[in-house]
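Mapped onto the working numbering, the consecutive letters of the sequence shown carry residue numbers 3 to 507.
For every residue, glycine included, the Cβ atom is placed at its ideal position computed from N, Cα and C.
These numbers were taken from a predicted model, which means no experiment stands behind them.
These notes are about the structure you will find just below.
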Amino acid sequence: MSGATPSERHIARSTLAQQASQGVGVVAMLVVITLLGRELSLREFGLFGLLIALASYMLVLQASVEGAAVRAIALVPQGGPPRDRVFSTVLALYAVFGLLAGVIIALVGIALVGVLKIDADLEQTAREGFLALGAVTAVGWPFRAYQDALRGSQQFVAAAIAEVVANVGYVVAMCVLIVAGAPLWVIIAVGGSLPILLGVGSLLLLKIVRAPFRFRASEVNRATAREVLGFSAYLSAIGIADLIVYSSDRIVLSAFRSTAVVGLFEAVIRPHALVRQLHGTLVVTIVPVASGFVATGDEERLHDLLLRGTRYVLAVVVPVTVVLMIVSAPLLDAWLGPEFREAAPAMAILLSYWVVSSATGVGGAMLVARGRAKELTQVAWAAAVLNLTLSVALTPWLGLEGVALGTTIPYLVLYPFVMRLILRDFPVGFGRLARAALLPAYVTATATTIAVGAVRLLAEPEGVLPVVLTATGGLVFAFAFYAVVWLTPAERAMLRAVARREPRT
């Protein structure tokens with residue numbers, strides 16, 4: 003890998019901006035979930051998680067349009083009719099699908115109330131919550147086009163600012179409602195409103211940066227819609243598979259156990275969601291950037307993007323994952339209370355596959371940019387079928403650990419196949435990728451596990467401050483170890499350039 007170019011510094015700076023917004027989002031999530039876990043009963047907490055999860059199933063459709071829209075915007079020239087046509091068509095598609103999704107959430111959700119094991123005194127609240135979530139979905143989806151416009155045009159810093167504004171508004175609204183003792187259905191409705199806030203924030207930032215995106219009804223184009231929907235069909239299939247993997251666990255637990263166990267699962271899934279969001283934020287710049295390289299046929303930059311991107315993603319995600327695994331029990335105890343401590347084994351199991359699978363995140367996004375969604379769809383559905391089979395088989399026997407294993411095992415099994423797809427399209431060689439990215443991350447993770455594990459066993463940290471200090475100290479150790487042992491002079495120069503905000507050329 004050669005020295006960093008201005009384009010690579012732009013990617014690094016954009017990723018740092020996304021990480022800053024991610025940090026705000028994590029704090030917002032922690033505040034909201036902590037308040038919910040402490041102010042609601044375990045049954046109410048479980049109901050909140052169940053309804054939000056069921057409503058989020060419709061986000062699969064939104065995410066598929068998003069991926070196709072970002073790619074389409076990135077592939078067309080700056081400004082002018084082509085981008086207006088793509089943007090206007092995407093917004094119209096969101097409006098149609100948002101209305102459809104809202105109706106489905108309301109009607110199907112109400113029908114499910116009598117099927118799921120929801121306590122009788124909470125059934126009316128569940129119905130009201132589904133109706134409210136349906137309305138929020140129908141109104142909010144069209145705004146997503148504005149966030150796609152920012153990302154597709156590589157305005158990542160502006161997109162990060164919009165996310166910060168949205169998350170601050172979200173946490174303020176949720177805290178006010180929770181502390182004021184608002185009805186649970188209102189809390190559920192606002193709990194599903196973050197996509198609206200993200201869209202509105204993106205609209206404001208588009209106005210501020212004067213980005214050339216305008217909605218014009220006359221620009222809504224059937225050919226463009228067919229093109230976007232054609233690619234999004236594969237992304238939708240991938241999203242449905244991910245939905246089965248990540249969200250069916252609550253339904254399986256609700257069917258075989260109770261909403262109280264679903265409440266415990268909420269404690270398990272939040273740290274996992276943190277790592278997943280961290281990983282997603284690190285690779286969010288990849289599709290538009292790689293699409294630009296694909297459009298110009300720049301294979302050298304694509305190969306370098308794979309090596310550098312995977313190296314940096316692993317350097318961040320793997321240490322965070324292993325530290326959370328090691329402190330899982332005292333973390334859950336200090337965060338939500340001693341009754342959640344029993345969920346620690348499931349939390350560690352569910353987190354573990356990120357140590358391996360995070361190595362395919364950058365390559366997977368680059369395959370999307372290359373147009374290889376069909377192959378990724380096949381892998382995603384193989385994971386989904388195996389996940390659902392294992393979860394249904396293991397949950398009656400193992401409970402929380404059963405659904406955690408049901409998610410973890412498929413990703414470990416399919417890892418070699420995904421890596422093969424990546425290296426077939428971007429032939430940098432596995433040995434080169436291992437030396438550049440895998441070896442540094444896993445050696446660092448081993449040293450971190452020994453250091454944090456020793457503190458965990460010898461000092462036995464309990465309570466908020468000791469746990470926070472242990473986790474923070476572990477991350478500081480990991481990143482310092484990586485910086486000293488593995489960073490090259492060129493990478494240190496790039497960090498200095500990013501810190502100085504050298505202009506992009």
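Taken through DSSP and simplified to helix, strand or coil, G194 comes out as coil.
The Cβ neighbour count for S23, taken over all protein chains shown within 10 Å, is at least 16; the residue is labelled buried. In this model, A292 and A182 are separated by some 47 Å (Cα to Cα). Cβ-Cβ separation between L124 and A168: approximately 29 Å, too far for a contact (criterion under 8 Å). A direct Cα-to-Cα measurement between D306 and I288 gives close to 12 Å. In the structure shown, S360 falls within a helical segment according to DSSP collapsed to helix, strand and coil. Boundaries cannot be given for P340, as no alpha helix (DSSP H) includes it and DSSP labels it neither H nor E. For the options G365, T448, I271, G311, the alpha carbon positioned closest to that of V247 is the one of I271. For a cut-off of 8 Å, the C-beta gap from F342 to L435 is around 38 Å, too long to register as a contact. Taking all protein chains shown into account, T139 has 16 or more neighbouring C-beta atoms within 10 Å of its C-beta and is therefore buried.
If you keep only unbroken alpha helix (DSSP H) runs of at least 4 residues inside the segment 417-487, you get 432-435, 441-461, 466-487. Per DSSP, T379 is one residue of the alpha helix (DSSP H) stretching across 375-400. The three-state reading of DSSP puts Q126 in helix, counting H, G and I together. In this structure, T410 and L316 do not form a Cβ contact; the two beta carbons are roughly 18 Å apart against a cut-off of 8 Å. The three-state secondary structure of M60, taken from DSSP, is coil. Distance between L245 and A453, taken at the CA atoms: about 36 Å.
The beta carbon of G131 lies closer than 6 Å to those of L53, W187, I190 in the same chain, with the five residues before and after it left out. Excluding residues up to 5 positions away in sequence, T91, L95 lie with their Cβ nearer than 7 Å to the Cβ of A227 in the same chain. Of the residues V478, G194, F419, R146, the one whose Cα lies closest to the Cα of A447 is V478. Shortest Cα-Cα distance from D121 to any of A449, A262, S220 involves A262.
Restricting attention to L179, D150, V178, the CA atom closest to the CA of E165 is found in D150. Look at V222 here: in three-state DSSP terms it is coil, with no helix or strand label. Contact between V319 and V370 is absent: CB atoms are separated by about 19 Å, not below the 8 Å threshold. Excluding the 5 residues flanking it on each side, R129 has same chain C-beta neighbours closer than 6 Å at I112, V115, in chain order.
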